[in-house]
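Chains as they are written, first to last, in our numbering: chain A, 389 to 686; chain B, 97 to 482. Where is the CB? At the ideal position from N, CA and C, for every residue including glycine. In this text the structure is predicted, and so the values were computed from the model without any measurement. Structure, as C-alpha cells:
Below you can see the structure in the form of C-alpha cells.
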C-alpha cells in the first residue's frame, strides 16, 4: 500500500533520514519508536508530502507519487495526518472540527455522532475548543481522524496528554480500525501501549530503521530477569553464556531460548531460581525492552 | 468538495474579529460620510451661476481697457457681453422665471460662445479667469442630456449626484484598496497557524484559492452594498437626495458623456465588484510570495503608488497604469485619464484591462503552485508552505 524508497532528509551536515526504505500494507498498525529529534515526525511529513526529501520517493498503491498535484490529491483522499492540538481553531466547537474532517474526506457527517459517543465526548464536544483541557483536545484530534475515516492514517504522539482510561479507549479504537483493514502509523512514547495493538514496531536511529520488531509472529523467546550489574557479573563468571544473550540497559538479563533443548532451558531456570523475590519472565522482547536495548545501552 | 470547503471558509471568516471590524467600516462609511456632508451646504446651481456672473464681471474689468487698441479683444468683449447676458438670464430662469427649457437653451448657447472665445485664443483674459475647455464640454454634455430627457431643472437638481458621486469617489481607490488588503491579508497566511489541520485537505490549491476569493468577495461586497444602502436611505430621507434621473458625467473615449445617476451607480458598483476580485487574487499572490499579513498591506500599498513614484523619477510607466484602475471612480470621472496623460483610459478600457489582470494573477498563482511540485531540493529538503 505504501512504499518508502531510499528517502533521505538532510540539513547541511545532519542527516535526519538516511536512505530509509519501508513497505507497509493495509490492515497493519506500525509503531514508530525513537527518542525525540530522531526523525519520526520528519518521516510522517515526508509521507504526507509536507516535506519534500532530498532524495527518495513515497509510492502509494504502486501507482501514485507526489510528483503532480493530481497524484497528490489521489493520495490525500486516502491519507489523513494527526493534527497538532495547537493548530485547532479555538473559536470552533469540537463538532465543527469533526464535521470538517468528515466532510472533507468522507463527504458526510452522518458518522460523527457515533464517534462522539464512542470516544465519550458528548459532555463537551459542542463547546468551543478554547475551553478544552489538553486531554480533551487530544481526544478531539483523534476523533477528527476517525471522522476522516481514510484507509491510511499517520498518528504522531497520539497518546500525548491522555489519562489511562483514555489511552485504553483510543487503543480499543485503534484495534477496531485495524480490523477495518486500515493502515495506521503510530509514533508514540507509550511503549508498552504499542504492544497492545501494533503489528510491527520500527526503531529509528541515525536516520535508518535499526530494528523492526514483529509483535504478531515473534518466534525468538527469551528467559528474562531483572539483575543488578554485580549479580550479572557473578553469573558471567560462574557460567558459560550463549553469545547472543543480552544484558539490557544494565538491568535486564535475557537469554535466548531458540537454540536450547529442554534440558538446557530447565538448567537456566534452576540457576536463576536463587534470585529470590525477582520475577522471571519467558517470552519475546517487548517494545520497552527493545527501546532500552537500542537507545539506553551505553 | 469545493462547496464543503467553501462552507468551512465561511465559518472561519465569520469567527474572525478582524473581518467584523472591516465589515463595520464598510457598513458605517457611507452613513458617516453623508452625516458629515450634511454639515456643509453644497453650492446650489443658482449660486454657481451667480459665481459665474462675478467671474464675468472681473473679466470685463480686465479687458475693457484693451479693447480700444486690439480689434480681436474687442470681438471677444462683444462675445463676453452676450455670455454675461445669457448667464443673468439663466439665474432668472432658475428663480422667478422658472423655465428649464430656456435655461438649457441659454446654457448651450453660452457654451458655444465660450468655445468661440477659446478659438480666438482667449486674448486679454488672464488664465485664472478662463473657463477650461474640459469644463465647457462637461457642462455641454450635461445640458444636452437634460434636453434629450426633458428633465426639469431646479436649484437642487444636482444634489443627489453631488452626494453619491462624492461618497463613491471617497471610497474608491486608496481607501477601498486598504480595506481589501487588510481583509485579504491572511487569506492563505492564516493556514500557517493551523498548518497540521488544514494542510492535508484533499482539495486542489486553485479550488481552495477560488473558494477563499468567493467567500471574501461575497462578504466584502455584501457589506459594501448594505453600507451603501444604509447611507442612501439617510441621504434620501435627511438630505433630500432622491433624484436619480439627473445626469453625472463620465469619461468615454476621450470625451465626456452624461449618464443618469442610477446608471452611474450601476457602473461604479459593477466596477468595484471587479476591483474586489482583482485585489483578492492579488492578496493571494502576495500571501504566497511573502507569507506575511503585514507584507500584504505594505507591499500592496507600495505597488499602488509605484506608478506615481516612477513618474516623478521621470520614467515611462504606461505598463503600470492598470494598477491605478483600482480607482474606478477616477476612471469614470476621467481624472485618471488626465492624471496619467492617457486619453484612452475610460470605463470599458479599464474593465477589460482589470479582467486581463485577473487572468494574469490566476495564471501566476497556478504557475507558482505548479512550480512547487517541480522544484528539486538541493542542500535542504523543501517544506510545503500551503
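Worksheet item: Using the C-alpha atoms, what's the distance from residue 677/A back to residue 698/A?
Response: Beyond the ends of chain A as shown, which are 389 and 686, falls residue 698/A; an answer cannot be given.
Fill in: Per-residue burial, residue 564/A [other beta carbons within 10 Å of its own, 16 or more giving buried]
exposed
Item to complete: Could you say if the segment 379–393 of chain B and the segment 279–295 of chain B meet the contact criterion of at least three C-beta pairs nearer than 8 Å?
Response: yes
Item to complete: Give the C-beta separation of residue 126/B and residue 326/B to the nearest angstrom, bearing in mind that I take them to be a contact with Cβ-Cβ under 8 Å.
Response: 7 Å
Worksheet item: Are the segment 391–402 of chain B and the segment 291–305 of chain B in contact at 8 Å, needing three or more beta carbon pairs?
Response: no
Practice prompt. With a floor of 4 residues, list each alpha helix (DSSP H) that falls wholly inside the segment 411–486 of chain A, ordered by position along the chain.
Written response: 428–435 and 457–464
Worksheet item: If you run the structure through DSSP and keep just helix, strand and coil, what is residue 602/A?
Response: DSSP places residue 602/A within a strand segment (E or B) once states are collapsed to three.
Worksheet entry | 6 Å Cβ shell around residue 443/A - same chain, five flanking residues per side excluded | 396
Discussion item. In whole angstroms, give me the CA-to-CA distance for residue 168/B and residue 199/B.
Written reply: Residue 168/B and residue 199/B have their C-alpha atoms spaced approximately 29 Å apart.
Discussion item. Let me check understanding here. Comparing Cα to Cα, which of 221/B, 187/B, 361/B and 261/B lies closest to residue 157/B?
Written reply: Looking at the Cα atoms, 221/B is the closest of the given residues.
Worksheet item: Anyone know if the C-beta pair for residue 138/B and residue 241/B falls short of 8 Å?
Response: no
Item to complete: Determine, using beta carbons only, whether residue 479/B comes closer than 8 Å to chain A.
Response: yes
Discussion item. With H, G and I counted as helix, E and B as strand and the rest as coil, what does DSSP make of residue 573/A?
Written reply: strand
Worksheet item: Going by beta carbon distance, what residues of the same chain come within less than 7 Å of residue 538/A, once the five residues before and after it are set aside?
Response: By the criterion of a C-beta distance shorter than 7 Å, residue 538/A is surrounded in its chain by 466, 467, 468 and 493, once the five residues flanking it on both sides are discounted.
Worksheet entry | Within 8 Å, strictly: CB atoms of residue 312/B and residue 366/B | no
Worksheet item: Excluding sequence positions up to five away, which residues of its chain have a Cβ less than 7 Å from the Cβ of residue 214/B?
Response: 229
Worksheet item: Could you give the distance in angstroms between the alpha-carbon of residue 619/A and the alpha-carbon of residue 680/A?
Response: About 19 Å.
Fill in: Near-chain A residues of the segment 284–299 of chain B - C-beta to any C-beta below 9 Å
289, 290, 291, 292, 293, 294, 295, 296, 297, 298 and 299
Item to complete: Assuming residue 571/A contacts residue 414/A (C-beta within less than 8 Å), just tell me the rounded distance between them.
Response: 5 Å
Item to complete: Please confirm if residue 522/A has its CB atom under 8 Å from at least one CB of chain B.
Response: no
Item to complete: Following the continuous alpha helix (DSSP H) through residue 401/B, name the residue where it begins and the one where it ends.
Response: It spans 389–408 - the alpha helix (DSSP H) in which residue 401/B sits, taken as one unbroken run.
Worksheet item: Which same chain residues, not among the five before or five after residue 394/A, have their C-beta less than 7 Å away from its C-beta?
Response: 407, 409, 443 and 444
Fill in: Straight-line gap, residue 533/A to residue 611/A (C-alpha atoms, nearest Å)
40 Å
Item to complete: Quick one: measure Cβ to Cβ for residue 509/A and residue 525/A, integer angstroms, because I've assumed they're closer than 8 Å.
Response: The Cβ separation is near 11 Å, so there is no contact.
Practice prompt. Kindly indicate the opening and closing residues of the beta strand (DSSP E) around residue 221/B.
Written response: Counting along the chain, residue 221/B falls outside any beta strand (DSSP E), and DSSP gives it neither H nor E.
Worksheet item: List, in order along the chain, the chain B residues whose C-beta lies closer than 7 Å to that of residue 436/A?
Response: The CB of residue 436/A comes closer than 7 Å to the CB of 296 in chain B, given here in chain order.
Worksheet item: Rounded to a whole number of angstroms, what is the C-alpha to C-alpha distance between residue 511/A and residue 545/A?
Response: 24 Å
Fill in: residue 99/B, buried or exposed, once every other Cβ within 10 Å from all chains shown has been counted against 16
exposed
Practice prompt. Please say whether residue 443/B and residue 270/B have beta carbons closer to each other than 8 Å?
Written response: no
Discussion item. So, does the segment 410–430 of chain B touch the segment 439–459 of chain B, judging by three or more C-beta pairs under 8 Å?
Written reply: yes
Worksheet item: Are residue 473/A and residue 522/A touching if we call contact CB-CB under 8 Å?
Response: yes
Discussion item. If we define contact as Cβ-Cβ less than 8 Å, is residue 100/B a contact residue for chain A?
Written reply: Taking a beta-carbon distance threshold of 8 Å, residue 100/B counts as an interface residue toward chain A.
Practice prompt. Kindly indicate if chain A contains any beta-carbon less than 8 Å away from that of residue 272/B.
Written response: no
Item to complete: Compare the Cα-Cα distances from residue 365/A to each of 649/A, 613/A and 517/A and report the closest residue.
Response: Here chain A covers residues 389 to 686 and nothing more, so residue 365/A does not appear.
Worksheet item: Does the beta carbon of residue 484/B sit closer than 8 Å to a beta carbon anywhere in chain A?
Response: The structure shown does not extend to residue 484/B, since chain B spans only 97 to 482, so no value can be given for it.
Fill in: Inter-residue Cα distance where the pair is residue 300/B and residue 359/B
In this structure, the CA atom of residue 300/B is about 40 Å from the CA atom of residue 359/B.
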